[in-house]
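Asker:
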Amino acid sequence: MAGKKGLLSGLETLNHEFKEPLYDVTELRSIAPTDLKQSFAIRSVIARIVDGSEFDEFKKLYGTTLVTGFARIFGQPVGIIGNNGILFNESALKGAHFIELCTQRNIPLVFLQNITGFMVGSRSEANGIAKSGAKMVMAVSCAKVPKVTIIVGGSFGAGNYAMCGRAYSPNFMFLWPNARISVMGGAQAAGVLAQIEKSNKKKQGIQWNKEEEERFKAKVVEAYEREGSSY
1 MAGKKGLLSG LETLNHEFKE PLYDVTELRS IAPTDLKQSF AIRSVIARIV DGSEFDEFKK
61 LYGTTLVTGF ARIFGQPVGI IGNNGILFNE SALKGAHFIE LCTQRNIPLV FLQNITGFMV
121 GSRSEANGIA KSGAKMVMAV SCAKVPKVTI IVGGSFGAGN YAMCGRAYSP NFMFLWPNAR
181 ISVMGGAQAA GVLAQIEKSN KKKQGIQWNK EEEERFKAKV VEAYEREGSS Y
């Protein structure tokens, strides 16, 4: 995709001629996998939706699990924020900075969600993930520009909030057919709930065999798939 010359400097020009993306938009059907555990490059999506496939990336080498940058869609300047993995401390700070920059310049924001959440663990917490994540969420909630959210994969946990989920009232929200929304993935939820159920049964002196546990997990996964589906 194109670099910075002539794109960022001309964003204030509203009357801009539309240019077809250099890549076939129908290829989007084969980019996003049906298995949400399988990752894909968000830049390949951006290249097929922005004018001329020109994307002026912001802080490309910093916080690489979040892709941010400027582009045009049908001639309209936009700031794009797309997930390229889990959100780390650096990714959240970069996202907050970019959102604030777009708000100052009155540039609409487009969020491309495919997020499992923020990185957890003692190391991330020591690096300030809670504070950095809060900064990004606050930047989203305070942004007074039009916001469009497209969920192109999974949308789980607090990552949904940071990427302008439904709770933050985007002006338009759209889900791809493969999209899923929930507090956590079905398999993870099944594992957690199974542990709780197993502990409760043990206290009651009830033996819970492997087959019963697997049936319990299957029901949880099925419920999460049904309730988190775009349909």
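So in full-length UniProt numbering, spot 143 of the sequence shown is number 143, and the numbers just go up one at a time. Quick reminder that beta carbons are idealized off the backbone N, C-alpha and C, glycines included.
(1) Can you tell me whether DSSP reads K217 as helix, strand or coil?
(2) Checking the sheet assignment: what are the DSSP bridge partners for G79?
(3) Quick one: residues in its chain with C-beta nearer than 7 Å to the C-beta of N106, no 5 flanking neighbours on either side, listed in chain order?
(4) Measuring CA to CA, which of K19, N83, F58 is closest to S44?
(5) Given this structure, state the Cα-to-Cα distance separating I46 from K147, to the nearest angstrom.
(6) What three-state label does DSSP hand N84 in the structure shown?
(7) Can you give the Cα-Cα distance for D24 and V192, rounded to whole angstroms?
(8) Could you tell me if A189 is buried or exposed, where buried requires 16 or more neighbouring beta carbons within 10 angstroms of its beta carbon?
(9) Please look up how many angstroms separate the CB atoms of F118 and M163, rounded, as I've assumed it's under 8 Å.
Answerer: Based on what the coordinates show:
(1) To locate residue 217, count along the sequence shown from 1; it is residue 217. If DSSP states are grouped into helix, strand and coil, K217 belongs with the helices.
(2) The count along the sequence shown starts at 1 and reaches residue 79 at position 79. DSSP lists F70, L109 as partners of G79.
(3) Mapped onto the sequence shown, residue 106 falls at position 106. V145.
(4) Here residue 44 refers to the residue found at position 44 of the sequence shown. Looking at the Cα atoms, N83 is the closest of the given residues.
(5) The residue you call residue 46 lines up with position 46 of the sequence shown. The residue you call residue 147 lines up with position 147 of the sequence shown. The alpha-carbon atoms of I46 and K147 are separated by roughly 16 Å.
(6) Here residue 84 refers to the residue found at position 84 when the sequence shown is read from its first residue. Coil at N84, not helix or strand.
(7) To locate residue 24, count along the sequence shown from 1; it is residue 24. To locate residue 192, count along the sequence shown from 1; it is residue 192. Distance between the alpha carbons of D24 and V192 is about 42 Å.
(8) Here residue 189 refers to the residue found at position 189 of the sequence shown. Buried.
(9) Within the sequence shown, numbered from 1, the residue matching residue 118 stands at position 118. Within the sequence shown, numbered from 1, the residue matching residue 163 stands at position 163. That pair is no contact at about 11 Å.
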